[in-house]
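Q: Chains A and B are the protein sequences, given in the same order.
With this note's numbering as the guide, the letters of the first sequence map in order to residues 2 to 217.
With this note's numbering as the guide, the letters of the second sequence map in order to residues 2 to 217.
Ideal Cβ positions, reconstructed from N, Cα and C, are used throughout, including at glycine.
This is the structure I want to talk about, given as structure tokens.
2 protein chains.
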Amino acid sequence: MGKFITLEGIEGVGKTSNLRFIKELLEASGHDCVVTREPGGTNLGEALRGLLLSHSDENMSEDAELLLMFAARAEHLAKVILPALEKGQTVLCDRFTEATYAYQGGGRQLDTDSISDLEDWVQGELRPDMTIILDAPVEVGRARASSRSEPDRIEKEQDEFFQRVRAAYIDLAEHYPHRICLVDASVGIEEVQHQILEKLSEFDILEPQSLSDIEA
Amino acid sequence: MGKFITLEGIEGVGKTSNLRFIKELLEASGHDCVVTREPGGTNLGEALRGLLLSHSDENMSEDAELLLMFAARAEHLAKVILPALEKGQTVLCDRFTEATYAYQGGGRQLDTDSISDLEDWVQGELRPDMTIILDAPVEVGRARASSRSEPDRIEKEQDEFFQRVRAAYIDLAEHYPHRICLVDASVGIEEVQHQILEKLSEFDILEPQSLSDIEA
């Protein structure tokens with residue numbers, strides 16, 4: 002089986018550029034990479050992404066929303082992730098179940114036991130081999146993601162939401178240190194990349210040998 | 002809480018006309034009825050029904066299909082069924098979870114434990130107060146539902162599928178006799194209606210008093 006690596010974090014922490022960096026690192030050290038994202042990654046997943054967004058005004062029931070997310074995930078696993086892992090490829094996925102814990106569980110305060118039941122139902126024992134959470138204070142993410150104007154009342158509310166999302170991510174890293182790590186994304190890009198390199202080596206995704214090759 | 006009644010059966014057993022008959026009976030004896038159906042009954046449910054049908058050619062993964070069905074059901078419960086029951090209305094639903102056991106579990110031979118896990122996740126302890134399964138041999142249903150030409154190879158295959166669906170329905174009625182009953186739908190319409198009347202009384206949905214009123 003190939004390695005399954007997921008990248009997580011709130012808006013503005015540099016997910017896109019670091020995803021590209023990780024892909025290049027892995028390929029430089031001989032990994033055959035499949036890069037994908039959630040929700041999406043399949044025809045059905047993209048259709049459900051559309052449904053989740055277009056129906057957001059109508060106050061879809063929380064249970065229906067969670068089931069749709071996991072339906073998209075089940076399809077993604079069956080059609081993209083598992084076939085690639087079975088071929089020995091390395092799958093690099095932009096967000097996965099940890100995002101459900103962070104956004105729905107933390108941000109929207111849905112019952113995490115319900116999430117964990119669906120995680121077991123859909124994934125069985127499959128968990129990412131390694132999850133990298135890019136962590137930065139919400140203000141840092143916001144400042145990078147959007148304009149720097151003073152937040153209004155609604156943006157303040159969003160801040161509290163993202164504070165809960167961030168706290169849930171930190172909580173996950175504390176509970177599952179063998180498979181989830183935090184990277185401090187509030188520092189400069191080179192320092193972030195250095196941390197990522199070290200973590201990939203620590204989690205045995207990159208050989209220490211290829212690490213020193215890349216650094217040299 | 003109002004009563005929750007569901008009507009089940011394979012194609013051609015007379016679900017539509019008997020649904021109307023049951024609604025009239027219930028209203029005649031003072032029930033405030035809400036008639037609905039699955040999949041569907043909500044905007045999201047109808048959209049998912051469309052997805053389930055339009056993607057059927059692409060061989061959607063079995064897990065994704067089951068999760069979508071239960072997502073539609075969760076929305077239906079939250080938006081239509083539970084609010085009506087809480088107002089004391091009687092909900093009469095054309096197909097519900099028993100159809101998932103019969104069609105996906107029996108017909109398509111998906112794992113029934115998986116169905117039962119999702120049933121518990123979505124419904125908690127809620128089960129219909131009464132499920133009426135209109136039962137008839139597959140040939141009888143087919144003859145009523147379609148033309149009477151000789152079945153070709155593919156129709157034969159469908160016969161085996163519907164045999165499994167019917168067997169699963171019979172099995173459910175045997176396992177849950179306190180809430181699920183079979184009605185022999187292979188006989189004439191009046192005799193079918195007489196059985197339905199008796200069952201509604203037996204399951205305490207209609208008072209024996211209103212039964213004799215109606216029969217008189």
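#1: Is the stretch 44-56 of chain B close to the stretch 9-20 of chain B, with three or more CB pairs under 8 angstroms?
#2: Name, in chain order, the residues that DSSP records as bridge partners for E76 (chain B).
#3: Is the shortest distance between the beta-carbon of V123 (chain A) and the beta-carbons of chain B less than 8 angstroms?
#4: Where does E208 (chain A) fall in DSSP's three states?
#5: Can you name the start and end residues of the beta strand (DSSP E) that V92 (chain B) belongs to?
#6: May I ask you to list, following chain order, the residues of the stretch 196-207 of chain A that have a beta carbon less than 9 angstroms from some beta carbon of chain B?
#7: Closer than 6 angstroms by C-beta to A73 (chain B): which residues in its own chain qualify, once you throw out the five before and the five after it? Chain order, please.
#8: Ordered along the chain, which non-local residues of its own chain (more than five positions away) have a Cβ less than 7 angstroms from that of T38 (chain A)?
#9: Once the 5 residues before and after Q105 (chain A) are set aside, which same chain residues still bring their CB inside 7 angstroms of it?
#10: To which residues of the same chain is H32 (chain A) closer than 7 angstroms at the C-beta, ignoring the five residues directly before and after it?
#11: In three-state terms, what does DSSP make of T37 (chain B)?
#12: Using beta carbons (cut-off 8 angstroms, strictly below), is D112 (chain A) in contact with chain B?
#13: For the ligand ATP, is there any heavy atom lying closer than 7 angstroms to the beta carbon of R109 (chain B)?
#14: In chain A, which residues lie less than 7 angstroms from L54 (chain B) when you measure between Cβ atoms?
#15: Tell me the rounded alpha-carbon separation between D205 (chain A) and G13 (chain A).
#16: Check the DSSP bridge columns for L135 (chain B) and list the partner residues they point to.
#17: Within this structure, are the beta carbons of S187 (chain A) and P129 (chain A) separated by less than 8 angstroms?
#18: Between A:Q194, A:G107, A:I11, A:R165, which has its C-alpha nearest A144 (chain A)'s C-alpha?
#19: How would you write the range of the alpha helix (DSSP H) that E12 (chain B) sits in, first residue to last?
#20: Suppose the cutoff is 7 angstroms on Cβ atoms and the five residues either side in sequence are ignored; what does the same chain contact list for Q194 (chain B) look like?
#21: What residue from A:D114, A:S62, A:Y170, A:D121 has the CA that sits closest to T132 (chain A)'s CA?
#22: Within its chain, find whatever has a CB closer than 7 angstroms to the CB of R180 (chain A); leave out the 5 residues flanking it on each side and keep chain order.
#23: If I follow the unbroken alpha helix (DSSP H) through S115 (chain B), where does it start and stop?
#24: If I'm right that D101 (chain B) touches M61 (chain B) with Cβ under 8 angstroms, what's the distance once you round it to whole angstroms?
#25: Does D64 (chain A) pass the burial test, meaning 16 or more other C-beta atoms within 10 Å, or should it be called exposed?
#26: Considering Cα atoms alone, identify which of B:C182, B:Y177, B:K4, B:V184 is closest to A85 (chain B).
#27: Per DSSP, which one or two residues make a beta bridge with F71 (chain B)?
#28: Could you give the first and the last residue of the continuous alpha helix (DSSP H) run that contains G46 (chain B)?
#29: Would the beta-carbon of G125 (chain B) fall within 8 angstroms of that of H77 (chain B)?
#30: Please name the residue, chosen from A:H176, A:E208, A:L183, that lies closest to T7 (chain A) on a Cα-to-Cα basis.
#31: Look up F5 (chain A) in the DSSP assignment and give the residues it is bridged to.
A: Short version:
#1: no
#2: Taking the first residue of the second sequence as position 1, residue 76 (chain B) is located at position 75. Answer is none; E76 (chain B) lacks a bridge partner.
#3: Residue 123 (chain A) sits at position 122 when you count from the first residue of the first sequence. For V123 (chain A), the answer is yes, since a Cβ of chain B falls inside 8 angstroms of its Cβ.
#4: Sequence index remark: in the first sequence, residue 208 (chain A) carries index 207 (1-based). Here E208 (chain A) sits in coil by DSSP.
#5: Along the second sequence, one-based indexing puts residue 92 (chain B) at 91. Unbroken beta strand (DSSP E) run through V92 (chain B): 91-95.
#6: none
#7: The count along the second sequence starts at 1 and reaches residue 73 (chain B) at position 72. If we look at A73 (chain B) and ignore the five residues flanking it on each side, its Cβ neighbours are P40, G46, L49.
#8: Here the question's residue 38 (chain A) lines up with position 37 in the first sequence. Thr is not the amino acid found at residue 38 (chain A); the sequence shown has Arg there. Cβ neighbours of R38 (chain A) beyond the five flanking positions: C94, D95, R96.
#9: In the first sequence, counting from the first residue as 1, residue 105 (chain A) sits at position 104. So the list reads L67, L111, I116, once near-sequence residues are dropped.
#10: Residue mapping note: residue 32 (chain A) aligns to position 31 of the first sequence, counting from 1. Cβ neighbours of H32 (chain A) beyond the five flanking positions: T91.
#11: For the purposes of this step, residue 37 (chain B) is identified with residue 36 of the second sequence, where counting begins at 1. Three-state result, T37 (chain B): strand.
#12: Here residue 112 (chain A) refers to the residue found at position 111 when the first sequence is read from its first residue. Not an interface residue.
#13: In the structure shown, the ligand ATP is absent, as is every other ligand, since no ligand is present at all.
#14: Within the second sequence, the letter at position 53 stands for residue 54 (chain B). Those within 7 angstroms of L54 (chain B) in chain A number zero; the least Cβ separation is about 12 angstroms.
#15: In the first sequence, residue 205 (chain A) corresponds to position 204, counting from 1. In the first sequence, residue 13 (chain A) corresponds to position 12, counting from 1. Approximately 28 angstroms, taken between the alpha carbons.
#16: One-based indexing of the second sequence puts residue 135 (chain B) at position 134. DSSP, once it has assigned bridges, lists B:V184 as partnering L135 (chain B).
#17: Counting from 1 along the first sequence, the entry for residue 187 (chain A) is found at position 186. Counting from 1 along the first sequence, the entry for residue 129 (chain A) is found at position 128. No, they are not a contact pair.
#18: Taking the first sequence and counting its residues from 1, one reaches residue 144 (chain A) at position 143. Looking at the Cα atoms, A:I11 is the closest of the given residues.
#19: Reading the second sequence from its first residue, position 11 is the one you call residue 12 (chain B). Run containing E12 (chain B): none; DSSP gives neither H nor E here.
#20: Walking along the second sequence from the start, residue 194 (chain B) turns up at place 193. Cβ neighbours of Q194 (chain B) beyond the five flanking positions: F22.
#21: For this step, residue 132 (chain A) is matched to residue 131 along the first sequence. Cα-wise, what sits closest to T132 (chain A) is A:Y170.
#22: In the first sequence, the residue the question calls residue 180 (chain A) occupies position 179. For R180 (chain A), where only same-chain residues beyond five positions count, the Cβ hits under 7 angstroms are R128, P129, D130, M131, T132.
#23: Position 114 of the second sequence, counted from the first residue, corresponds to residue 115 (chain B). It spans 113-124 - the alpha helix (DSSP H) in which S115 (chain B) sits, taken as one unbroken run.
#24: Stepping through the second sequence from its first residue, residue 101 (chain B) is reached at position 100. Stepping through the second sequence from its first residue, residue 61 (chain B) is reached at position 60. Note that residue 101 (chain B) corresponds to Thr in the displayed sequence, not to Asp. Going by Cβ atoms, the distance from T101 (chain B) to M61 (chain B) rounds to 15 angstroms, so no, they are not a contact pair.
#25: Taking the first residue of the first sequence as 1, we reach residue 64 (chain A) at position 63. Buried.
#26: By one-based count along the second sequence, residue 85 (chain B) stands at place 84. Closest option to A85 (chain B), Cα to Cα, is B:K4.
#27: Position 70 of the second sequence, counted from the first residue, corresponds to residue 71 (chain B). Partner(s): none; F71 (chain B) has no beta bridge.
#28: Translated into the one-based positions of the second sequence, residue 46 (chain B) becomes position 45. Its alpha helix (DSSP H) spans residues 44-55.
#29: Against the second sequence, residue 125 (chain B) aligns to sequence position 124. Against the second sequence, residue 77 (chain B) aligns to sequence position 76. No, they are not a contact pair.
#30: Against the first sequence, residue 7 (chain A) aligns to sequence position 6. Checked all of A:H176, A:E208, A:L183; the closest Cα to T7 (chain A) is A:L183.
#31: Locating residue 5 (chain A) in the first sequence gives position 4, counting from the first residue. The partner list for F5 (chain A) (beta bridge, DSSP) reads A:V92.
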